[in-house]
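Colleague:
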Amino acid sequence: MKSVALDNVSKSYGGVEAVKSISFQVAKGEFMGILGPSGCGKSSTLRMIAGLEDITSGELRFDGVVVNDLSPKDRGIGMGFENYALYQPLSVRQNISFPLEARGVPRAEIGPRVAKIAKLMEVEDVLDRRPYELSGGQQQRVSLARALVRDPSVLLLDEPLSHMDRHARVRLRARIRHIHDAIGATSIYVTHDQEEAVALCDRVAVMNFGDLQQIGTVEELWLKPRNRFVAGFLGQPAMNFLPAVVHDGHRLRFDIEGQPMMTVRQALPGRGKQVTFGIRPEHIRIGGNDATMPGRVVLVEMEGDVDVITIDVGGVELKTRSGTHRSMAPGDAVMLAFPEVSQHVFDGEDDAAPALN
Amino acid sequence: MQKLAIEDITKRYGRTVAVDNVSFACAQGEFFSILGASGAGKSTLLKTVAGIVKPDAGRVLLDGGDVTTRPIQERNVAMAFENYSLYPQMKVYENIAFPLRAPTRPRRLSPTEEREKVVHVAKILSIEPYLDRLPGQLSGGQRQRVSLARAMVREPNVFLLDEPLAHLDAKLKFQTRTRLKQLALEIGATTLYVTHDFREALSLSDRILILREGRIEQIGTPKEIYHQPATDFVAALVGDPPMNLIDGRLRSEGGRLRFEVEDAPVPIVIDLPSAQATVNVRDDGLVRLGCRPGDVRYGTGATSGAVRLPVYAVEHSAEASLLSFSLGHDRIVQAQVPGRVTAQVGEPIEIGFPADRLFLFRKTFELGEV
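Below you can see the structure in the form of structure tokens.
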């Protein structure tokens with residue numbers, strides 16, 4: 092496995108820039124996610140790394156060596172797709188050994204290599220079956236075995252879980268992480284599902300409209316989102332946003348009924364400037380001594396062990412999560428606290444608004 | 076009072092039984108969901124209530140009156156489907172207003188009254204800015220909300236909603252779900268809601284019917300369905316991360332009841348309170364143990380049935396960690412732990428299954444091999 096570096100990589104289709112000069116590195120052995128809504132450029136980025144798309148400008152390097160002009164075959168990529176793309180007439184064993192045979196690996200070497208990867212993927216009991224005789228999860232594992240058997244330079248995964256039912260998906264997700272760790276793979280995982288990216292990846296690159304919005308560990312993205320888009324994209328329910336106006340250095344006035352004032356730790360821009368205050372549902376506290384923001388429960392939605400509670404605060408609806416042991420009902424008056432460490436303030440009102448420190 | 080009653084409905088397509096002798100009743104104003112996998116018969120059941128599908132047996136009662144043979148237009152029900160079925164040549168406003176102008180309406184609304192109603196639902200569903208556009212100019216999610224608005228605008232007796240949130244992305248699905256619930260409460264209409272998404276069913280419903288291959292698996296409130304799943308099937312369907320289901324055998328030893336897993340890498344023996352019902356045991360002694368990942372004890376302080384297993388994989392969510400352990404033979408057990416746990420793969424960790432958090436099921440399906 093190798094390290095991967097993108098250096099000002101762009102992709103244009105005609106006059107449309109799908110990927111706008113993005114740069115990041117993936118260390119050897121790292122599990123990197125590329126996350127964003129549809130059309131954000133994540134799949135184009137993956138396809139450029141794989142060699143399935145030309146790179147319009149910029150440099151792509153594996154272990155420091157520029158690979159822009161290498162064909163997909165010569166880059167030595169292993170790929171896992173949403174559809175498993177197995178050869179149905181061939182047995183599982185033949186599917187896995189195919190890439191080795193195609194490259195003229197000696198027969199005596201193929202057998203042990205297939206056996207080894209099959210054991211790791213736990214498909215050794217089904218080697219003589221046909222793909223259609225397997226469950227979706229098993230097929231995906233065979234597909235991964237085929238991708239990994241020739242010891243690729245990097246493993247690229249394109250939404251490999253999206254066709255599975257939920258019970259299988261969560262378990263296969265654990266398997267993918269296990270396999271990555273077991274072989275010390277360099278993995279790049281493309282998804283639109285923030286929960287999947289957060290679960291699996293060491294670091295995540297968040298994209299929107301072809302731009303890299305932020306790259307960081309999941310904790311960094313969660314606690315220190317760089318702008319309003321990243322803040323709102325991670326988390327379910329999403330971060331609550333409240334419009335506000337700067338009063339002075341560390342005080343803002345919420346642009347809601349009653350126009351309550353709040354002191355924040357961030358240094359605020361000039362008086363009268365429009366900003367956005369953000370707080371995650373997980374971080375809002377209901378009740379307690381420091382709860383000073385009055386609200387009224389609008390709705391309680393059960394999701395299992397937690398309730399999602401919608402609370403009207405001065406005409407704006409906020410969402411919080413709470414254990415189901417607290418019984419709350421629509422109409423209940425509550426007091427809320429926004430703990431200082433969990434407050435976010437963004438300089439502006441749109442997705443691009445940068446976070447203030 | 077009973078608004079809607081379904082009595083012994085059966086529907087066959089050729090030799091396939093799509094709906095098999097299903098009965099239930101909804102109270103006035105109740106939000107009632109039908110939850111199941113694709114092909115379970117959910118949509119067929121809904122269409123029977125609408126009058127689009129004629130059942131082979133059984134009756135549909137609205138307000139106590141038998142409407143089984145009545146056509147859809149005489150039932151005062153409103154439907155919204157997963158596919159939006161909007162009129163492409165009409166603006167969004169016209170599409171939403173369409174049912175208000177139907178000749179069967181008792182009274183024609185004044186243009187002001189009509190606009191008020193249309194704008195009201197459009198606001199609730201956040202599609203007010205698009206009222207002057209054509210459906211073709213909208214995204215899939217926007218079209219779906221227009222379809223929903225059209226169903227809701229006429230304030231019918233009964234709403235029939237078939238996966239109305241299916242095409243929305245995760246964020247929008249969440250928002251629209253909340254709006255839908257608010258709107259249903261506000262109008263006080265009886266709603267029959269078909270979905271395959273357990274979160275939608277739990278969060279929206281007063282009661283949930285779980286349909287499995289055309290038959291009722293369980294009917295209950297969201298709390299009952301989540302906390303007292305009647306079968307392993309319900310347990311696997313409802314909850315995230317999904318409930319651990321482990322097959323094993325029950326043994327009675329000196330008045331104590333024990334659950335044992337065969338062929339596990341380490342012996343797994345879990346003591347059960349003797350009060351645990353044994354009715355779910357099959358003749359061959361096989362039983363399926365259920366424990367939600369959030370209820371599995373982790374690290375020191377693990378209680379009954381504590382086992383040491385090497386960590387198979389570590390994953391995270393925003394504020395919790397999900398640890399997986401392999402029991403071999405394609406079996407994975409998961410524990411959800413608050414905070415960010417940094418366990419190494421292969422590191423042995425003690426986990427335990429607290430006796431008061433266990434379910435015993437009769438095994439009714441093969442666990443999919445993942």
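Heads up: the sequence lines are chains A and B, in that order.
Taking the working numbering as reference, the numbering of the first sequence is continuous, increasing by one, and the terminal residue is 448.
Taking the working numbering as reference, the numbering of the second sequence is continuous, increasing by one, and the terminal residue is 445.
Glycine is no exception: its CB is placed at the ideal position from the N, C-alpha and C atoms.
Considering only residues of the same chain and omitting the five flanking positions on each side of B:Glu422, which have a CB-CB separation below 8 angstroms?
Modeller: The answer, listed in chain order, is Pro385 and Val386.
Colleague: Report the start-end ranges of each beta strand (DSSP E) in the segment 364–433 of chain B that is 3 residues or longer and not cut off at the edges.
Modeller: Listed in chain order, they are 382–391, 395–403, 406–413 and 423–427.
Colleague: Going by DSSP in three states, A:Met393 sits in which element: helix, strand or coil?
Modeller: Of the three classes helix, strand and coil, the one that applies to A:Met393 here is strand, per DSSP.
Colleague: Using a Cβ distance threshold of 8 angstroms, determine whether the segment 132–143 of chain A contacts the segment 213–222 of chain A, with at least three qualifying pairs required.
Modeller: Cβ pair count under 8 angstroms is below three, so no.
Colleague: Counting only beta-carbon atoms, is B:Pro304 nearer than 8 angstroms to chain A?
Modeller: Not one chain A Cβ lies under 8 angstroms of B:Pro304.
Colleague: What residues from chain B crowd round A:Gln327, counting only those whose CB sits closer than 7 angstroms?
Modeller: The contacting residues are Ala245 and Phe249.
Colleague: Going along the segment 228–245 of chain A in order, which residues come within less than 9 angstroms of chain B, judged by CB to CB distance?
Modeller: Those residues of the segment 228–245 of chain A that come within reach of chain B (Cβ to Cβ, closer than 9 angstroms) are Gly228, Gln229, Gln231 and Arg232.
Colleague: Would B:Gly369 pass as an interface residue toward chain A - the criterion being a Cβ-Cβ separation below 8 angstroms?
Modeller: Yes - at least one Cβ of chain A is within 8 angstroms of the one on B:Gly369.
Colleague: If we call anything under 8 angstroms between Cβ atoms a contact, is A:Arg152 one with A:Ala96?
Modeller: Yes, these two residues count as a Cβ contact at 8 angstroms.
Colleague: Determine which residues of the segment 388–399 of chain A have a Cβ less than 8 angstroms from any Cβ of chain B, and write them out in chain order.
Modeller: Those would be Val389, Leu390, Glu392, Met393, Glu394, Gly395, Asp396 and Val399, in chain order.
Colleague: I'd like to know if B:Pro297 contacts chain A, where contact means its C-beta is closer than 8 angstroms to some C-beta of that chain.
Modeller: By this cut-off, B:Pro297 is an interface position.
Colleague: Answer with buried or exposed for A:Lys364, where buried requires no fewer than 16 other C-beta atoms within 10 angstroms of its C-beta.
Modeller: With fewer than 16 other Cβ atoms within 10 Å, it is exposed.
Colleague: Is the Cβ-Cβ distance between A:Met330 and A:Gly132 less than 8 angstroms?
Modeller: Not in contact: A:Met330 and A:Gly132 (Cβ atoms no closer than 8 angstroms).
Colleague: Could you tell me the alpha carbon to alpha carbon distance between A:Arg463 and A:Gln327, rounded to whole angstroms?
Modeller: What is shown of chain A runs 92 to 448, which leaves residue 463 of chain A out entirely.
Colleague: Within 10 Å of its beta-carbon, does B:Gln303 have 16 or more other beta-carbons around it, so buried, or fewer, so exposed?
Modeller: Counting Cβ neighbours within 10 Å, B:Gln303 comes out exposed, since fewer than 16 surround it.
Colleague: Tell me which residues share the same chain as B:Asn96 and place their Cβ nearer than 7 angstroms to its Cβ, disregarding the 5 neighbours each side in the sequence.
Modeller: Cβ neighbours of B:Asn96 beyond the five flanking positions: Asp83 and Thr85.
Colleague: If you check the beta carbons only, do A:Val63 and A:Gly414 fall under 8 angstroms apart?
Modeller: Shown here, chain A extends from 92 to 448; a query on residue 63 of chain A therefore has no answer.
Colleague: Would you verify that the beta carbon of B:Gln219 is, or is not, closer than 8 angstroms to some beta carbon of chain A?
Modeller: No, no contact with chain A.
Colleague: Where do the N-terminal and C-terminal ends of the beta strand (DSSP E) with A:Phe437 fall, by residue?
Modeller: Counting along the chain, the beta strand (DSSP E) containing A:Phe437 begins and ends at His435 to Phe437.
Colleague: Is A:His269 helix, strand or coil by DSSP?
Modeller: Of the three classes helix, strand and coil, the one that applies to A:His269 here is helix, per DSSP.
Colleague: With DSSP collapsed to three states, give me the class of B:Gly295.
Modeller: Strand, per DSSP.
Colleague: If the cut is a Cβ gap below 9 angstroms, which residues of chain A does B:Gly314 touch?
Modeller: Within 9 angstroms Cβ-Cβ: Gly395 and Asp396.
Colleague: Give the straight-line distance between the Cα atoms of B:Ala395 and B:Arg415, rounded to the nearest whole angstrom.
Modeller: So the two alpha carbons sit approximately 6 angstroms from each other.
Colleague: Hey, how far is the Cα of A:Arg220 from the Cα of A:Leu447?
Modeller: About 57 angstroms.
Colleague: If we cut at 8 angstroms on Cβ distances, does B:Pro317 have a partner in chain A?
Modeller: Output row for B:Pro317: interface = yes.
Colleague: Return yes when the Cβ of A:Met426 is within less than 8 angstroms of the Cβ of A:Thr277, no when it is not.
Modeller: No, the Cβ-Cβ distance between A:Thr277 and A:Met426 is not below 8 angstroms.
Colleague: Distance cutoff 8 angstroms, beta carbons only. Does B:Val420 sit that close to anything in chain A?
Modeller: Yes, contact with chain A.
Colleague: Pull up the CB-CB distance for B:Gly314 and A:Gly228, whole angstroms please, since I reckon it's below 8 angstroms.
Modeller: Actually they do not touch by this definition, with Cβ atoms about 19 angstroms apart.
Colleague: Hey, out of A:Ser112, A:Lys410 and A:Gly105, whose CA is closest to A:His374's CA?
Modeller: Out of A:Ser112, A:Lys410 and A:Gly105, A:Lys410 has the C-alpha closest to the C-alpha of A:His374.
Colleague: For chain B, find out if any of its Cβ atoms is closer than 8 angstroms to the Cβ of A:Arg257; answer yes or no.
Modeller: Yes, its Cβ sits closer than 8 angstroms to a Cβ of chain B.
Colleague: Pull up the CB-CB distance for A:Tyr280 and A:Gly124, whole angstroms please, since I reckon it's below 8 angstroms.
Modeller: With a Cβ gap of about 5 angstroms, A:Tyr280 and A:Gly124 count as contacting.
Colleague: Do you know how far the Cα of B:Ala80 is from the Cα of B:Ser160?
Modeller: Looking at the two C-alpha atoms, the distance is approximately 27 angstroms.
Colleague: In chain B, which residues lie with their C-beta within 8 angstroms of the C-beta of A:Glu286?
Modeller: Within 8 angstroms Cβ-Cβ: Ser392.
Colleague: Rounded C-beta distance between B:Val221 and B:Pro210? I'm assuming under 8 angstroms.
Modeller: Rounded, the Cβ-Cβ distance is 7 angstroms, consistent with contact.
Colleague: Quick one: what's got a C-beta closer than 7 angstroms to B:Gln103's C-beta in the same chain, skipping five residues either side?
Modeller: Only Met76, Lys78 and Thr265 meet the Cβ criterion.
Colleague: Is the number of C-beta pairs between the segment 353–360 of chain A and the segment 435–445 of chain A that are closer than 8 angstroms three or more?
Modeller: Yes, they touch.
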